[in-house]
Amino acid sequence: MLEVDNIEVTYDQVQVLFGISLDARAGEILCLLGRNGAGKTTILKSIMGLLPLKSGTIQFNNEPLSVLPAHQIPKRGIGYVPQGRRLFSELTVAQNIEIGLMANGSKNGSVKHTRERVLDMFPRLQERLKQRAETLSGGEQQMLAMARALSMQPTLLLLDEPTEGLQPSMIQLIQDVIVQMKEQGVAIVLVEHHLETVLSITDRVAFIENGRCPEITDVAELKMSPQKIQGYLGVG
Ligand SMILES: Nc1ncnc2c1ncn2[C@@H]1O[C@H](COP(=O)(O)OP(=O)(O)O)[C@@H](O)[C@H]1O
Ligand SMILES: [Mg+2]
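In terms of numbering that gives the first Met the number 0, the sequence shown opens at residue 0 and continues consecutively.
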């Protein structure tokens with residue numbers, strides 16, 4: 000459904016992506032794995048139309064995305080949870096979700112039904128609807144960022160380090176939600192450093208190294224040759 004083909008991206012004059020190609024599939028989790036500064040966030044921003052492509056193409060359901068203005072891209076069914084979350088911190092949980100629901104607009108009829116469905120996935124948010132976003136714990140804020148993205152009913156979801164800085168119990172909850180979305184048929188592109196998460200929930204890993212993607216490997220295969228991860232990350 001998502002096809003990224005040979006994209007090159009520069010910030011000012013400095014090139015940071017050198018011919019990245021990858022694809023995301025419905026009901027599958029693709030992990031982008033690589034060191035800090037490798038270009039993972041830049042790949043997600045490029046998909047969202049937030050950075051111009053120097054060359055290459057990005058297609059979603061056979062439609063070129065790179066020609067669309069950035070504000071049209073979420074409307075095509077692509078949800079994005081940026082690194083560091085970026086909520087409306089002064090607004091309440093309910094208001095943050097409402098913003099996602101409004102952006103979804105008339106698509107798929109019942110706003111009420113979508114709201115209920117999203118809140119069912121996040122009981123912790125359900126209990127905190129009137130609380131201001133900035134007063135939530137880190138894990139709860141991450142959940143809210145994901146709930147807001149889901150309220151737009153995406154068929155492709157881009158998640159940039161959703162477990163960053165969270166305690167293990169929260170990591171588990173976030174992981175569970177990601178798996179639930181995958182099971183509903185959503186295609187997921189996940190930037191994740193936490194290796195246990197990578198190995199337990201993702202289907203394929205795209206290694207990102209110095210703005211290139213030298214290899215995409217099935218996780219089943221990776222489990223049999225973990226030294227590959229060491230090679231790319233320099234850690235165990
Ligand atoms: N706004 C920016 N302006 C200039 N360079 C940037 C900007 N954002 C990121 N970079 C550079 O682009 C490279 C890739 O960054 P990024 O995509 O954020 O990496 P990752 O998410 O893998 O840690 C890094 O060298 C980074 O310093
Ligand atoms: Mg990043």
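The C-beta atom is built at its ideal place from N, Cα and C for all residues, glycine as well.
If distances are taken between C-alpha atoms only, which option among the options comes closest to residue i?
i       : options                            : result
Gln-179 : Glu-191, Leu-156, Leu-194, Gln-166 : Leu-156
Gly-78  : Asn-60, Met-47, Gly-233            : Met-47
Gln-229 : Lys-111, Arg-203, His-192          : His-192
Ser-20  : Gly-38, Thr-201, Val-13, Arg-75    : Gly-38
Thr-134 : Glu-195, Phe-121, Ser-88, Asp-175  : Ser-88
Asn-35  : Val-185, Ile-207, Ser-199, Leu-165 : Ile-207
Pro-161 : Glu-139, Met-151, Pro-153          : Glu-139
Asn-5   : Cys-212, Lys-227, Pro-153, Ser-224 : Cys-212
Arg-85  : Ala-132, Phe-121, Asp-119, Thr-201 : Ala-132
Pro-68  : Gly-55, Ser-45, Thr-201            : Ser-45
Gly-18  : Lys-111, Met-0, Gln-12, Gly-55     : Gly-55
Gln-130 : Ser-109, Arg-203, Ile-96           : Ile-96
Assuming residue i contacts residue j (C-beta within less than 8 angstroms), just tell me the rounded distance between them.
i       : j       : result
Ile-187 : Leu-158 : 7 angstroms
Gly-210 : Leu-50  : Not confirmed; about 13 angstroms, so no contact.
Arg-127 : Val-92  : 5 angstroms
Ile-177 : Leu-189 : 7 angstroms
Ala-205 : Cys-30  : 7 angstroms
Thr-216 : Gln-152 : That belief does not hold up - the Cβ atoms of Thr-216 and Gln-152 are roughly 31 angstroms apart, past 8 angstroms.
Leu-165 : Gly-137 : 6 angstroms
Can you check whether the CB of residue j is closer than 9 angstroms to the CB of residue i?
i       : j       : result
Ile-173 : Met-145 : yes
Leu-32  : Val-197 : yes
Thr-40  : Gln-71  : no
Leu-124 : Leu-143 : yes
Glu-2   : Ile-57  : yes
Glu-299 : Lys-222 : Since the first and last residues shown for the chain are 0 and 235, residue 299 lies out of range.
Ala-23  : Gly-184 : no
Thr-9   : Lys-53  : yes
Thr-154 : Gly-76  : yes
Met-0   : Phe-59  : yes
Gln-141 : Val-80  : yes
Based on the DSSP secondary-structure assignment, which residues constitute the bridge partners of residue i?
i       : result
Arg-131 : Thr-91
Val-188 : Leu-29, Leu-157
Pro-63  : Gln-58
Gly-78  : Leu-156
Leu-236 : With the chain represented from 0 up to 235, any question about residue 236 goes unanswered, as that position is not in the structure.
*asked:* For a minimum of 3 consecutive residues, which ranges assigned as the beta strand (DSSP E) are wholly contained in the region 200-225?
replied: If we require 3 residues or more, the beta strand (DSSP E) runs fully inside the region 200-225 come out as 203-208, 211-217.
*asked:* List, from N- to C-terminal side, the beta strand (DSSP E) runs of 3 residues or more that fit wholly inside the region 107-166.
replied: As far as the region 107-166 is concerned, its whole beta strand (DSSP E) runs of at least 3 residues are 155-159.
*Which parts of the region 3-61 are runs of the beta strand (DSSP E), unbroken and 3 residues or longer, counting only runs that do not cross its ends?*
DSSP runs (the beta strand (DSSP E)) wholly in the region 3-61: 13-23, 28-32, 54-59.
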